[in-house]
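Worksheet: one structure, shown below.
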Amino acid sequence: MKLSVIGCGYLGAVHAAAMASLGHDVVGIDVDQAKIEALSAGRAPFFEPGLPELLLAGVESGRLRFSTDTADAAGAAVHFIAVGTPQKAGSTAADLRYVDAAVDGLLPYLSVGDIVVGKSTVPVGTAERLAEIVAPTGAILAWNPEFLREGFAVQDTVAPDRLVYGLPPAAADAEAVRTALDEVYAAALTTGTPLVATGFATAELVKVAANAFLATKISFINAMAEISEVTGADVTELADAIGYDARIGRRFLNAGVGFGGGCLPKDIRAFAARAEELGRGESVAFLKEVDSINLRRRQRVVDIAVEELGGSAYQKRVAVLGLAFKPDSDDVRDSPALDVAVLLNGLGARVLAYDPEANANAKRLHPQLHFAASAEEAVADADLVVVVTEWKEFRALTPEQLAPLVAAKVIVDGRNCLDATAWREAGWTYRGLGRP
Ligand code: UDX
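In numbering that gives the first Met the number 0, the protein residues as written are 0 to 435.
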């Protein structure tokens, strides 16, 4: 099928490359010239495992092209809107200017019967509004939320755990969308991927509800970590024990410095803001608590660090291992790890930070920080080591390996990803979160 993808960020670039790998003929459009040049040369503009290989193969096959000119989307049967919906400046609501601009920009190139498919995460009600804008062209709008996780984006796009079609109200239009999307996702559908076909509002809500649930699960266990801290309980053992209940499940019950990234934090805020607009603020008022618990954990890591530094971080050497909001990503948007580095730096600590992939992005946002080229360099002569992103290479660090490098054998495990017993037995002061 001939497809266009408007917006080539974490979502759109992966979607475009994945669709080309499935045999579709894809053009990716973005306003960012540098991004388009990189993608056209088969280079990923951000770190995402598996994406470089897919891009190269797609570009070389001729099935994947990129352009800054929306006119190149003309002729595609299905147009995906995959631009960002960040948090609006000075508000908790979503900023829809990129979605609106993408749709407006596409209008002159749409033909009768084209399908415009929104993938961006939007406040409920957006699809209905956009459908009216698209209607005069004879194209049909649909919503098809994306659930990809960074670090697993390729796999989540090629083989998603479910597909959701938000179909328009008119039966004939709904049928046309369904036929088109079934062809787009034929590979996933033939392997039995569950499909939920529904209306606009449900499709829009599925995405924010899923992210709200995940955020709530993480904040729940972090709240238990706060209680564990004043009772001597161990939240990791607590999570194991409750996680054996299949109704609860162990996944997304890792207590630590909390969630970040380009989705969970802004999505729960935008959801609460939208619910208030709808007069149902109280229904998701708990999401504000979820957000507060989450943000408190960043400060908690800093407080533990200061405590271990004898009450003041001033002029102390602190190695911060991790800057990305999660491993296998270079994304530092709303990253708890980066926040911890910035807060410690603000307290006068001599912070030396290292992330295997996110140093450059962190430096762009916070040029006042100092960066190391390796974990070993970061911890050299450190008075304290803080682990805030659970990269595999940090989880593999041993107390014996770091002991000769540091000035003091003190480690704060902001992700509860290290073996506390092993570090303590090797003579280190080990501090986890919600653990004695
Ligand atoms: C999330 C959703 O998982 C995905 O379905 C949606 O499409 C986009 O948002 P992503 O932002 O890539 O994906 O990250 P995710 O793996 O969900 O992790 C989010 C944050 O939660 C990370 O900062 C992670 O470190 C943190 N987290 C996750 C925890 O603190 N504890 C956990 O147990 C799990």
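Here a beta-carbon is modelled for each residue, glycine too, at the ideal position from N, C-alpha and C. Computed from a predicted model, the values in this text were never measured in an experiment.
Of the heavy atoms belonging to the ligand UDX, at least one sits nearer than 7 Å to the Cβ of Ile-217. The alpha-carbon separation between Gly-255 and Asp-233 amounts to approximately 12 Å. Rounded to whole angstroms, the separation of the alpha carbons of Leu-308 and Thr-67 is 51 Å.
In the three-state reduction of the DSSP assignment, Asp-71 falls in the helix class. A direct Cα-to-Cα measurement between Val-331 and Lys-315 gives close to 24 Å. Glu-389 sits buried, since 16 or more C-beta atoms from the chains shown fall within 10 Å of its C-beta.
In the structure shown, Phe-251 adopts coil according to DSSP, grouped into three states. For Asp-24, the uninterrupted beta strand (DSSP E) run begins and ends at 24-28, by DSSP.
The bridge partners DSSP lists for His-365 come to none. For Ile-292, the closest alpha carbon among the candidates Glu-375, Ile-226, Val-82 is that of Ile-226. Between the region 294-308 and the region 236-243 there are fewer than three inter-stretch CB-CB distances shorter than 8 Å, so the stretches are not counted as touching. Residues Glu-307, Leu-383, Thr-428 of the same chain have their beta carbon placed closer than 6 Å to that of Val-409, with the five preceding and five following residues left out of the count. Between Cys-7 and Leu-38, the gap from beta carbon to beta carbon is short of 8 Å. Sorting Leu-404, Glu-399, Pro-403 by C-alpha distance to the C-alpha of Arg-423 places Glu-399 at the top. Along the region 164-212, the beta strand (DSSP E) occurs as fully enclosed runs of 3 or more residues at 194-198, listed in sequence order. Non-local C-beta neighbours of Ala-93 in its own chain, meaning closer than 6 Å and more than five positions away in sequence, comprise Thr-84, Pro-122, Ala-269, ordered along the chain. In this structure, DSSP gives Tyr-313 a state outside helix and strand, which the three-state scheme calls coil. The region 378-413 is shown to contain whole alpha helix (DSSP H) runs of 4 or more residues at 391-394, 398-401, in chain order.
Residue ranges of uninterrupted beta strand (DSSP E) with 3 or more members, entirely inside the region 101-155 and ordered along the chain, are 114-117, 139-142.
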